[in-house]
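Just below is one structure, and these are the notes that go with it.
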Amino acid sequence: MTTLLDTDDLETAHRMLSLIYGVRRLAPADARSSLRVRQDDLGSFQLHHVTWGMNAEVTGDQMGCYYFGHMIDGGVTYQVGGDTITFSAGETFLCAYPDQPIQVASEGMNGHFVALDAALLAQVAATAPTRVAESVRFTARYPATGSGAAAWLDTCAYVRDTFVPEPVATSPLLLGGAARFLAAIALATFPNNALRDPTIEDRRDAHPRSLRRAVAFIDDNAHRDIGPADIAAAADVTIRSLQLAFRRHLDITPTAYLRRVRLSRAHQDLLAADPVTETVTAVAGRWGFPSHSRFATDYRAVYGTTPSHTLRRG
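With the UniProt record's numbering, letter number 120 in the sequence shown gets 120, and the count goes up by one each step, no holes.
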């Protein structure tokens, strides 16, 4: 669902900011009052583009999600606890925690933001060896490295290009994959408390029986929006055990194996489809492939021909 706000009316701006972000107070610092917000709500993540044509102070409720931002122009200052933090043009940052109210001073801010559910981050992080998703806490507001910041920005741009303004995103497989992709890159980019290295128990559980359970689950559920956490739960191991088992016995990641199965199902659909009523793009999207060119490249590598040729020949 997309929400658009483009107004010069202060009352309208306040009302919409209250609906979208829980803003309780909006106090312009000058006579300007223009504001533009685009929010694309894609389930467990949201994409925002916010442009303030004014300087203003904003106070609001807890945000309910983690908000990651990139400042294109202007700047914004956050009051968080007893700290004052200013983010300027060109910076990439974590600006809001789910349980923190907002107190912001905008200075002509123009920025992109991604909101991620804490539950999604916990599931992707899988911090507990007991397979219970524990809360993730980010310990710094800036990326740990410049290369990490670049990877995060590239990921955000890819997701925006894929889902905005044309939401092919009605496919649950595409949405679920994009959400987990963003969460994984966020966890790799911004310092946090998630446990990344396999434990002794993880290594012990990475045996062929676990792999067989995981493979059977993927084969039976490839049409559903499943990810590593779902596969690990079905195999009764941690995500790290699952990854070790696939690497150790198949020399592949669980996600790559899932992608391979979905490519096979897409191939079967193309063979059975009527080229008059079906398209390659529709088949690719149904099986979780957002990029036509990437799908075509992967397809040719496995089947030695193009998806469009398979669809025509049947």
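All residues carry an ideal CB built from backbone N, CA and C; glycine is no exception.
- In this structure, the beta-carbon distance from residue 20 to residue 61 does not fall below 9 Å.
- With a cutoff of 9 Å on beta-carbon distance, residue 179 and residue 120 are scored as near each other.
- Distance between residue 285 and residue 266, taken at the CA atoms: about 9 Å.
- For residue 163, the enclosing alpha helix (DSSP H) starts and ends at 146 to 163.
- Around the beta carbon of residue 4, fewer than 16 other beta carbons sit within 10 angstroms, so the residue counts as exposed.
- Partner residues in the beta bridge of residue 192, as assigned by DSSP, are 138.
- Distance from the Cα of residue 28 is smallest, within the candidate group 54, 8, 213 and 221, for 54.
- Where residue 11 is concerned, the enclosing alpha helix (DSSP H) starts and stops at 10 to 21.
- Between the C-alpha atoms of residue 305 and residue 313 there is a straight-line separation of about 11 Å.
- If you check the CB distance, residue 141 and residue 47 do not come in under 9 Å.
- The Cβ atoms of residue 112 and residue 82 do not sit closer than 9 Å to each other.
- In the three-state reduction of the DSSP assignment, residue 48 falls in the strand class, which pools E and B.
- DSSP places residue 34 outside both helix and strand once states are collapsed to three, so it counts as coil.
- Membership of residue 302 in the alpha helix (DSSP H) is indicated by the continuous run 292 to 303.
- By a beta-carbon distance limit of 8 Å, residue 116 contacts residue 183. Their separation comes to about 6 Å.
- Cβ-Cβ distances below 6 Å link residue 189 to 143, 148 and 152 in the same chain, with the five nearest sequence neighbours on each side left out; the list follows chain order.
- Take the alpha-carbon of residue 12 and the one of residue 281: they are about 40 Å apart.
- Under the DSSP assignment, residue 231 falls in the alpha helix (DSSP H) whose first and last residues are 228 to 235.
- Here DSSP, grouped into helix, strand and coil, assigns residue 78 to strand.
- When the alpha-carbon of residue 251 is set against those of 174, 135 and 208, the nearest one is in 208.
- The shortest C-alpha to C-alpha distance from residue 110 to any of 51, 225 and 123 is the one to 51.
- Under the DSSP assignment, residue 122 falls outside any beta strand (DSSP E), being part of the alpha helix (DSSP H) whose first and last residues are 118 to 125.
- Residue pairing by DSSP places residue 88 opposite 75 in a beta bridge.
- Looking from the CA of residue 311, the closest CA among 269, 106 and 76 belongs to 269.
- In the structure shown, residue 4 falls within a strand segment according to DSSP collapsed to helix, strand and coil.
- Selection 276, 86, 59 and 122 evaluated against residue 24 yields 59 as nearest (Cα-Cα).
- Under the criterion of beta carbons closer than 8 Å, residue 239 and residue 232 qualify as touching, at roughly 5 Å.
- Excluding five sequence positions before and after residue 107, the CB atoms of its chain that fall closer than 6 Å to its own CB belong to 55, 74 and 75, given in chain order.
- The C-alpha of residue 187 lies about 44 Å from the C-alpha of residue 276.
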